[in-house]
Structures are given as structure tokens and as C-alpha cells.
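Numbering (this note's numbering), first residue to last: 6 to 651.
Beta carbons: idealized from backbone N, C-alpha and C, even for Gly.
Since we're looking at a predicted model, the values are computed, not measured.
Comments concern the structure below.
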Amino acid sequence: MKITFPDGSVREFNEGVSAFDVAESIGSRLRKATIACEIDGERADAFAPIHSDCTLKLFTFADEGGRWAYRHTASHMLAQAVKRLYPDVKLAIGPAIENGFYYDFDAPETFTPADLEAIEKEIVKIEKENFRLERFELPRAEAIAYMEKLGEPYKVELIRDLPEDAVISFYRQGEFVDLCAGPHAESTGRVKNVKLMNVAGAYWRGSEKNKMLQRIYGTAFEKKADLDEYVAQVEEAKKRDHNKLGRELEYFTTVDVIGQGLPILLPKGARTIQLLQRWVEDEEQKRGYLLTKTPLMAKSDLYKISGHWDHYLDGMFVLGDPNDDSKECFALRPMTCPFQYQVFLNRGRSYRDLPMRLGETSTLFRNEDSGEMHGLIRVRQFTISEGHLILRPDQLEDEFRGCLELAKYLLGTVGMLDNCSFRFSQWDPNNTEKYIGTPEQWDEAQSTMAKILDDLGVNYTIGIDEAAFYGPKLDIQYKNVFGKEDTIVTIQVDQLLAEQFGMEYIDQEGKKVRPYIIHRTSLGCYERTLAYLIELYAGALPTWMAPEQVRFLPVTDRAADYCAAQAKKLEALGYRVTVDYRNEKTGKKIRDAQLEKVPYMVVVGDRDIENNTVSPRHRADGDLGAMSMDAFTALLKEVVDSKSKK
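Next up, the structure:
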């Protein structure tokens, strides 16, 4: 039997060897480090016998596949511990996720911190018992009967929903058995340093129509030092969590009677977003964008042309009955593209009119599931700088480059670019119902975009089935303080919607030609961007975007008038300034300003008045010493104009 390794080398082995045997033949250290494997591109147990020629990749904890199997086994150990301690609990699902794992439980009582401690201790016992993991398969009817006998209704539902020809597999460790596709580590003793992090609510199968379950999150590492480092990072991230810090600093709030995913931006949050929006609009204007303002809703007819009605209806807020053709039905817009196309279609266009760059600060509405709502990151109404470039084929690469350079400039200026990565999101030819267009059109669009990305030297990963329903896209992924990635900016190449809307221009030869379209955002959703900035800077936003840049702190009543006069001068120059007139000690005023993350505090006493000076403090650098008001104004101007991170 021939086994081919990732480096292309081929070795012969006896039929029935496992990946562990192969690893041992290479070296005992590799055998000890191996956790799982990949056989012919499919992840598999390293303890499973191999019966035919194949390609083989071994996974250690250094590999994603190894970490995934390690933590997947940890999730089974969690479930086993819970069933031991709380036999009446029903099991739902328990996958590995990035940086850890979770398991969903239907429990009669809420899990407490004390419960988590007890469960962790039981997991340690299970580790020491060192149960081997054994995989077995059952026919559908037997699998259902088996789970019914164990009293696991959620597992029965999962089995019933599997395709008729699906392989139904289970894993046994000691007395515990779970429905699972695998792969896993070889034994519970192989998985150490398991830490339970927290408990959260989660709807069964992610639908708010289903029962709310309890989700226990955890993580596991081979080395205790790595676990300790990760836990410390999580604790620091919690301190930066915008959902906590943004409320404490009064950037936003939410109100039950308004609804989930509909945050209220308080004056600080509204001001910061306004600053970002104006800045982005100015940068787009410098690059030749034309500003549009289009309606927040449209008749269903528009969305039927664009394809949203067939491919995105569940994500839209519909006003009226979509099934009643006798009455007009409207929907709030989930995106701006079909509206901005009407600007192009307003009159005939020549090749000389292109590229046409259209930009708009758009309010959009998307009907997210309530279980996905989170602070400012997942919301149902949001604002975004959306743009559409309508162009000739020969302009595509240059215009794509311009969109990418603008996004990188904006993200770099606010300090987020270093935490970004790039994903080339493509369609899935096996899931054609999700998309419009033919395979030939998709192949052409994706090959065109791949050439552009390669020519521009973009280092990207590929995401299959991540494309928009009308075209491939470059997603700029931002990793937040919790290590979770979200798409913050997209740049999409589209050939299909121009055809849907009958968009065309007259080329140099007098022929009617379909244009290319680039859909793009520049800084992403402003609410989400504000959330990330609060977390990135722990609430201490750079001075240029801070809602309050300077706070004067008068020491005496006489100084109050002086502060008011100086504040007025700065306000006239466009700076955001307040005066703390409270009858409090100077130390308390400074502490309060520090807690509110005000960049500059200007302490003014009688001596400052006599010397015509001020005594500014920076929230991070401390006392800057006495200086003239002109000198402080010059310092402030330099920091703000340069868009420094201070």
C-alpha cells in the first residue's frame, strides 16, 4: 500500500496501518505529537486503519486540524462530565471552534460558576481515567433507537435530518457515547489543560423559534503556559469588550421596548461616527466619487430585478404581504446597489462617462436572527459608506486597485489594518441555487478577479461558498480582541447585475456594451467599526476622532472664566472642548476625566492666569508642564491634523 506525503514523497506500508503507525515509522517524537490526520483531503482519526493507497497529512497541535481534534475531544469530555454530575441534562451539539470548543445542554437548572468548577474537576478525572476513543457506525433505524434509549431527543432529531445515505457514526469513551462525525484524539488522557470559560444562552439550531439552551464554552491547550497566556488575553479582552465599555463610556445604549439589534447612539457615539463619515466622504470626493442619496425602501419589483427577492428575502424587512400580488409590497433596503444603478440609468452613457464612481453614506436594514445580536457588531439597522463603480473592462484592474488602496488607507489610519487579513470569497458550484448566473459567467468573473488580486500582490485565502449571490468578492477580515474574525470591508466584481438591470454604454465603435460593476465599502459598517475601535483602544480613542478632545479643569472660581474664554477659542478652531465647572477637588476632576478617556486635561489655576499659561495633561503621558495657550493649540493641531494614534 502506497502512502503519499505532503512533500510529494511516497512510501509503502502494510495494509491496515494507522496514521500513528506511519508517524512512529518516521520518529517516536512525531508519533507522540500526532493527534489526528487527513486522508485524501478528509480529516480522520489517526488511530483508524488505512486500507488503500492514499495521501496522508499528519496533524499535531501546531496544525489547525490537530487543535480541532484535540478540542473536539475536550468537548466530549465536557459532555461526559456533565452527564455524570447531572444525569437529567440532555445533550445537543458540541463542536470545536476557533480557540476552543462549546457544548449546548438542555438543563433544568442554570449552570453556576460553582457548577463549572465541579465540571472541570470531573473533566480532570476523565483525563486521568484515560479512556480510549472508539468509533462505531449504526444503520439509521438502529442509531435512532440507540439515542432514544439513551434519552437524547436532540440527537434523534439530528439523525432524522441526515441524508438517507449518510454514515451515522458514534464515539465511545468509557461509559459515555456521543453522536459524532469525528475525528478525535486517541484517548481522554491525551487531552490536558481543559478550562471552562463561561456559560451563555443559545437557541437550538440557532433559531429563536426553538428552545433556549445553555452553552458552556471552554478551551484546551497542550501546554499549561499556553493556556495561562490565553486566559490572560481573554481577561484583557473582557475589559475591552465594547458591549461593556461602550455602555460605561456612554457611546451607546439599547432599550428593550425598541428591540434587539437597534442600538441608540448616545452623543459621544453619534459624534464619533459623524466624524468618521465626514472624513470618509471627503476622502472619496478626493478620489472622484459622486455623492448620491437614495430611498430607504423600494417596491418588491426592484428587488426582483436585482435578485434580492429570490436570494435574500429572509434577510429583509418586508412591508406588506409578499404573496399578495394585488397590493404593492415594499421592503427596507438591505443594500444600496439597485438604487445607485438608477443613477447610471438616468440617461444614456458613453465610454467617456466611465468610470462612474458613486458613493453614499447609506442606512441599511437586515433582519438578523435575534440570537446573533451583539452590541454594535451585529445590528439590524446600520450605516455604511457604500459605493458602486461602473466601468469599462479595461478600467477594472486600476479601479479595483483604487478601491483596495482606499480601504487600506482608511483602515491603516484608524489603526485597524494590522489586524486584517484578506479572503477571496468564491461561489460553490455544488450550491448553484444560492447564486444567479451560469457556471461560465462565474468562472470568468473569478478568473478575472484572481488575476487582479495576483497582479496586485494580495496575500489571500480562498473562501468557498462565501461569495455574494451575484459575484465573487475580496473580503477584508478584521480579527477583534477576542480573536474572532468578521468581514469589515468588501470589494466585489460583478458582471451579472448590469445584465439584470439592462445597464449599457456606447463604446468607441458605437456599439452597446455591458459595463463591469465594482461593489465596495470603504470603512465598513460604522457601528461595527466604532465597536472595534473602542476595543482596540480600550475606549481611549485617538484625539482626532475622540468625541471630547480637551477638558478644562479650573482650580478656582476665578480660573473658571479664564477656562471658558480659552475653551471658546479652541471651539472656534473646530476642536471639541468642555469645561468642568463642578465644585470638586482637582484630583477628582482629573480622575474622572481619565476614567472617561478624555485625551487632554487642562488644569488652570491663579498662577496660570497671572502667567497667561495653561498646564495640560495627557491621559497616557501625564503632566506636560506649563505652556502658553498658543503652544498648546499648536500641539493639539499637530496631533489632530496628523491623525496620530495619541
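The beta strand (DSSP E) runs of length 3 or more contained entirely in the region 56 to 134 are, from start to end of the chain, 59 to 64 and 105 to 111.
In this structure, the beta-carbon distance from Thr583 to Phe557 falls below 9 Å. For Asn215, the closest of Gly206, Ile221, Tyr222 and Tyr567 by C-alpha to C-alpha distance is Gly206. According to the DSSP assignment, Arg177 belongs to the beta strand (DSSP E) that extends over Ser174 to Gln178.
Between the region 136 to 144 and the region 164 to 181, the count of C-beta pairs closer than 8 Å reaches three or more; the two stretches touch. Close CB contacts of Arg406 within its chain, under the 7 Å cut and outside five residues either way in sequence, are with Leu461 (chain order). Around the beta carbon of Gly274, 16 or more other beta carbons sit within 10 angstroms, so the residue counts as buried. Counting along the chain, the unbroken beta strand (DSSP E) around Phe335 starts and ends at Phe335 to Leu337. A contact is defined here as three or more CB-CB pairs under 8 Å, and the region 407 to 426 meets this definition with respect to the region 481 to 496.
Beta-bridge partners assigned by DSSP to Met152: none are found.
By the Cβ neighbour-count rule, Met217 is exposed, with fewer than 16 other Cβ atoms within 10 Å of its own. Below 8 Å, enough C-beta pairs join the region 20 to 30 and the region 42 to 55 to call them touching: three or more. Here Ser311 has Pro343 as same chain residues with Cβ atoms under 6 Å from its own Cβ, once five neighbours each way along the sequence are excluded.
When the beta-carbon positions are compared, Val87 and Ala112 come within less than 9 Å of each other. Look at Ile221 here: in three-state DSSP terms it is strand.
In this structure, the CA atom of Tyr440 is about 15 Å from the CA atom of Glu504. Two segments are said to touch when three or more pairs of C-beta atoms, one from each, lie closer than 8 Å; by this definition the region 418 to 434 does not touch the region 392 to 402.
For Tyr294, no beta strand (DSSP E) run applies, since DSSP gives it neither H nor E. Note that the C-beta distance between Gln554 and Pro621 is not below 9 Å. Given a length threshold of 4 residues, each whole run of the alpha helix (DSSP H) inside the region 237 to 325 is given here in chain order: 247 to 253, 272 to 291, 305 to 311 and 313 to 316. In this chain, the alpha helix (DSSP H) harbouring Met454 covers Pro444 to Asp460.
Minimum Cα-Cα distance from Pro300 among the listed residues Gln279, Gln347, Asp287 and Gly194 corresponds to Gln347. Taking 9 Å as the cut-off, the beta carbon of Ile539 is found no closer than this to the beta carbon of Leu528. Taking each of Ala101, Glu134, Leu90 and Lys130 in turn and checking the Cα distance to Glu114, the smallest one comes out for Leu90.
Asn616 counts as exposed, since fewer than 16 other beta carbons sit within 10 angstroms of its beta carbon. For Tyr346, there is no enclosing beta strand (DSSP E); the residue is part of the alpha helix (DSSP H) that begins and ends at Cys342 to Phe349. Counting along the chain, Val161 sits inside the alpha helix (DSSP H) bounded by residues Pro158 to Arg165. In the DSSP assignment, Leu411 falls within the unbroken alpha helix (DSSP H) covering Leu401 to Val419. Residue pairing of Asp628 in beta bridges, as defined by DSSP: Arg622. By DSSP's assignment, Thr495 forms a beta bridge with Asp480. Taking a 10 Å sphere around the C-beta of Asn485, we find 16 or more other C-beta atoms and assign the residue as buried. DSSP places Cys568 within a helical segment (H, G or I) once states are collapsed to three. Around the beta-carbon of Ala625, fewer than 16 other beta-carbon atoms lie within 10 Å, marking it exposed. If you compare the alpha carbons of Gly468, Glu532, Trp314 and Pro327 with that of Arg276, the shortest gap goes to Glu532. By DSSP's assignment, Thr193 forms no beta bridge with any residue.
Residue state for Ser375 is assigned as helix, using DSSP reduced to three classes.
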